[in-house]
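In order, the protein sequences belong to chains A and B. Going by this note's numbering, the first residue of the first sequence is number 1, and it counts up by one from there. Going by this note's numbering, the first residue of the second sequence is number 125, and it counts up by one from there. Ideal placement from N, C-alpha and C gives every residue a C-beta, glycine not left out. Each remark here refers to the structure printed beneath this line.
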Amino acid sequence: MTTLHALLLIAVSAGATFTTRALPFVFLSRHSAHPLILHMGRYLPAIVMVVLIIVSLSAMQLPDLSESAHRISAWRSWLESAEGAGMLVAAICVAGLHLWRRNALLSIAVGTGLYMAWLQLGGV
Amino acid sequence: MSSPSTASTSHASRDDTTCAGSPPRQPVSGRHLWQQALNQTLPVMFGYIPLGAAFGVLFTQLPLSPWLGLLMSLVILAGAGQFLAVALLGAGAGITEVFVATLLLNSRHLFYGLSLLERFRAAGLGKLYLIFGLTDETYSLLASLPRSGERDDPVARRDDQRLMLRITFLNQSWWVLGTLLGLAAGQLNFDSSGIEFALTALFVVLGIEQWFALRERWPFLLGLLVTFAGLWLLPKDQLLLGSIAAACALLLGQYHYQRGKQPPHGKPVPRDDHPPHGKSGARQTRHNQASEHTTP
Chain A
1 MTTLHALLLI AVSAGATFTT RALPFVFLSR HSAHPLILHM GRYLPAIVMV VLIIVSLSAM
61 QLPDLSESAH RISAWRSWLE SAEGAGMLVA AICVAGLHLW RRNALLSIAV GTGLYMAWLQ
121 LGGV
Chain B
125 MSSPSTASTS HASRDDTTCA GSPPRQPVSG RHLWQQALNQ TLPVMFGYIP LGAAFGVLFT
185 QLPLSPWLGL LMSLVILAGA GQFLAVALLG AGAGITEVFV ATLLLNSRHL FYGLSLLERF
245 RAAGLGKLYL IFGLTDETYS LLASLPRSGE RDDPVARRDD QRLMLRITFL NQSWWVLGTL
305 LGLAAGQLNF DSSGIEFALT ALFVVLGIEQ WFALRERWPF LLGLLVTFAG LWLLPKDQLL
365 LGSIAAACAL LLGQYHYQRG KQPPHGKPVP RDDHPPHGKS GARQTRHNQA SEHTTP
């Protein structure tokens, strides 16, 4: 990977990010109250958050399940591995802590610290 | 990190009490606005510095010079987007892949823009920066700012925009500061394995905040369903895009199904058609058109 290639990819990523943020302002400033747009705007963020939680939980160590012949056993071995179980425990702690205290900083810090400890101490 | 929304509501009520009784409107002093913006962005600071540091540390694992990581935080400014970009850079992805993946990952920003169309109107050149800086956290802060109620008052409007600009700028500053710390920590060989979990934790927190805001179960069930189906069926690198696209399609279908079921004249449509002024005029006309469509 050359610096030039990296610069190009960064520029593309920046362009795509700005595009998603600017599109409504470019095209929809006159249609901001269309009921379909209100509907999507109301519900999509919640759905996207759930998708992101699961994807980010699975992104780090999960095996590529679509290519595995034994999906159930792939899931089981992920859960049994230190990383998989630790991630799940930490995520549940984040959720529990946030439901209890509703302090985003606290939830994120404790959950991340817990997961880091789990990983670095070799998955108790 | 979505505590910005909760935090800012408490700030909001405080500001209402302090700034309420001043009939002859003077522009709020820049210093006061900075102070206000700083208060509002404090929770974001505590979230962005570790998260930006996580990004910085992650970036140092690439065989690239650290200033490129700093550049990313300056020109991209997207938590998940930058983490994705690191993954794609590491995997040697192509231009099209990066563009499409980033576009789809950030597609939720489309909906942030929608609810801020009115707030950002007539912000002039600053509007470009407001749009550029529209992250999850900045959005949650801006969307929950107290509405002054005087949308036609140019002074109040201008103050609103000055405050929004300061909040956006401070949020980006925390992110850049975190990135710098992370890039430095990466050089120091600090054992940071697992720190990327901050992103997952952030999503869990934002998801719970969505639940508090929405109080409807089905969107969360739909999200679960779609992602688990994706985990089952899709290759790992297409999971995020596939799930969000499927969710969009299902949401669209559900919307049309719901409208098809509605009785043609179920809801009385308010018809006080004053000349289209701002948002309410547009809403009225769109609503009327839409209800004509559903009439069999």
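Compare the C-beta of B:L249 against all C-beta atoms of chain A and say whether one is closer than 8 angstroms. Closer than 8 angstroms: no.
Contacts of B:P343 in chain A (Cβ-Cβ under 7 angstroms): Here the neighbours are Y43, A46 and I47.
If we define contact as Cβ-Cβ less than 8 angstroms, is A:S56 a contact residue for chain B? Taking Cβ atoms only, chain B reaches closer than 8 angstroms to A:S56, which makes this a yes.
Check whether B:I255 and A:T17 have beta carbons under 8 angstroms apart: With contacts defined by Cβ atoms closer than 8 angstroms, B:I255 and A:T17 do not form a contacting pair.
Does any residue of chain B have a CB that is nearer than 8 angstroms to the CB of A:A85? Not closer than 8 angstroms to any Cβ of chain B, the Cβ of A:A85 fails to qualify, so no.
8 angstroms is my cut-off, CB to CB: does A:L65 come that close to chain B? With a pLDDT of 46 at A:L65, under the threshold of 50, the modelled position of that residue is not reliable, and no figure is offered here.
Between the Cα of B:W299 and the Cα atoms of B:E242, B:A178, B:G347 and B:S153, which residue gives the shortest distance? Closest option to B:W299, Cα to Cα, is B:A178.
Cα-Cα separation between A:T3 and A:L23, rounded to whole angstroms: Using only the alpha carbons, I get a separation of about 30 angstroms.
Does the structure place the region 211–227 of chain B close enough to the region 7–17 of chain A that three or more beta carbon pairs sit under 8 angstroms? The region 7–17 of chain A vs the region 211–227 of chain B: in contact.
8 angstroms Cβ cutoff met for B:C372 and A:L44: Going by C-beta atoms, B:C372 is nearer than 8 angstroms to A:L44.
Of all the CB atoms in chain A, is at least one closer than 8 angstroms to the CB of B:Y379? Using beta-carbon distances, B:Y379 counts as an interface residue toward chain A, with a partner under 8 angstroms.
Beta-carbon within less than 7 angstroms of B:Y263's beta-carbon, same chain only, minus the 5 sequence neighbours each way: which residues are those? Here the set comprises Y236.
Mind listing the chain A neighbours of B:F179? Cutoff is C-beta to C-beta under 9 angstroms, in chain order. The contacting residues do not exist; B:F179 stays about 13 angstroms from chain A at best.
Taking 8 angstroms as the threshold (C-beta atoms), are B:R243 and B:L266 in contact? Remark: C-beta atoms of B:L266 and B:R243 approach each other more closely than 8 angstroms.
Please list the segments of the beta strand (DSSP E) lying wholly inside the region 276–313 of chain B, counting only runs of 3 or more residues, in order along the chain. Whole beta strand (DSSP E) segments, 3+ residues: zero.
Taking the alpha carbon of B:V168 as the point to measure from, which residue in B:L330, B:P278 and B:L208 has its own alpha carbon closest? Proximity to B:V168 across B:L330, B:P278 and B:L208 peaks at B:L330, based on C-alpha coordinates.
Using a 10 Å radius around the Cβ and a threshold of 16 neighbouring Cβ atoms, would you call B:A204 buried or exposed? By the neighbour-count criterion, in which a residue is buried when 16 or more other Cβ atoms sit within 10 angstroms of its Cβ, B:A204 is buried.
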